[in-house]
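First to last, the protein sequences are chains A and B. Residue 67 in this note's numbering sits at position 67 of the first sequence, with consecutive numbering throughout. Each number in this note's numbering comes from the position in the second sequence (counting from 1) with 1000 added on.
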Amino acid sequence: GAVVSQHPSRVICKSGTSVKIECRSLDFQATTMFWYRQFPKQSLMLMATSNEGSKATYEQGVEKDKFLINHASLTLSTLTVTSAHPEDSSFYICSAREGFGGLGPHQPQHFGDGTRLSIL
Amino acid sequence: GDSVTQMEGPVTLSEEAFLTINCTYTATGYPSLFWYVQYPGEGLQLLLKATKADDKGSNKGFEATYRKETTSFHLEKGSVQVSDSAVYFCALSGGGSNYKLTFGKGTLLTVNP
């Protein structure tokens, strides 16, 4: 159980293009989803936290107009990288946290397989 | 704020060797502790977890015990396999950062046949 599907797995596009990444919880309801960015050989950097039906909370230094997050349902969150440039090239990973498990902050996060974004 | 310090790698072992990856933490409140594993080109998979002091998490031969007195959550495996080669992340949640996960920097493990 607790499967998170992230799509696409890899994107290569030209500078200036906007790219949308989807994150779906397949067998559970996720009231909270998280978006991370990972640079080569480094740990994950939290970009934003999205709660179903409300605005995302962005971490300090992350441009909210650049990285648009929508969490329209309990099973889907999307990250759109607007007008992407080469410096946005990275590995983006989403995670989802089950909302009704009763464990509060002790509920584990389940991760998607990541999206490799390459901007030419 | 919350923080996680884990043993820097890379760690290289021969098959069937004993593995320890050290992890210590700083947190307010009563956090839960996790180990995640990341295989090349993939996302993270939950390996094991512990939600309170003295809990032992275990999975696939890996174990870690939540030690509040030493604020540690060291990962161990008695006999590693080539297929265990991956990056291992220690993490906590439920401390001062509420639902967010605070990660260590990750430890690359390579197991040679």
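Where a beta carbon is used, it is the ideal one built from N, C-alpha and C, also for glycine.
A distance of 8 Å or more separates the beta carbons of LEU1044/B and PHE1062/B. In this chain, the beta strand (DSSP E) harbouring GLU98/A covers 90-98. Not flagged as an interface residue toward chain B: ARG37/A, since no C-beta distance is shorter than 8 Å. Distance from SER18/A to ILE119/A at the Cβ level is roughly 11 Å; contact not present, criterion being Cβ atoms closer than 8 Å. TYR1066/B is classed as buried because its beta carbon has at least 16 other beta carbons within 10 Å across all chains shown. Distances from the alpha-carbon of CYS13/A to those of SER89/A, LEU68/A, LEU79/A put SER89/A closest. Contacts with chain A at 8 Å (Cβ-Cβ) include TYR1099/B. Looking at the DSSP output, LEU74/A sits in no beta bridge, so it has no partner there. Three or more pairs of CB atoms, one per stretch, sit closer than 8 Å, so the stretch 68-83 of chain A contacts the stretch 24-40 of chain A. Among the bridge pairs identified by DSSP, ALA1064/B is matched with GLY1057/B, LEU1075/B. Secondary structure in the stretch 8-45 of chain A: the beta strand (DSSP E) runs of 3 residues or longer, each lying completely within the stretch, are 10-13, 19-25, 30-38 in chain order. Counting along the chain, the unbroken beta strand (DSSP E) around ASN1112/B starts and ends at 1107-1112. Of the other Cβ atoms in all chains shown, fewer than 16 fall within 10 Å of the Cβ of SER1003/B; this residue is therefore exposed. Under the Cβ criterion of 8 Å, HIS71/A is not counted among the residues facing chain B. Contact note: GLY1104/B reaches chain A through SER43, using a C-beta cutoff of 8 Å and chain order.
Residues LEU1044, GLN1045, LEU1046, LEU1047, PHE1089, ALA1091 of the same chain have their beta carbon placed closer than 7 Å to that of TYR1036/B, with the five preceding and five following residues left out of the count. When beta bridges are read from the DSSP output, PHE1034/B appears opposite LYS1049/B, ALA1091/B. With 16 or more other Cβ atoms from the protein chains shown falling within 10 Å of its own Cβ, ASP1084/B counts as buried. GLN109/A: member of the beta strand (DSSP E) spanning 109-111, first to last residue.
At a beta-carbon threshold of 7 Å, the residues of chain A lying near GLU1042/B are ASP113, GLY114, ordered along the chain.
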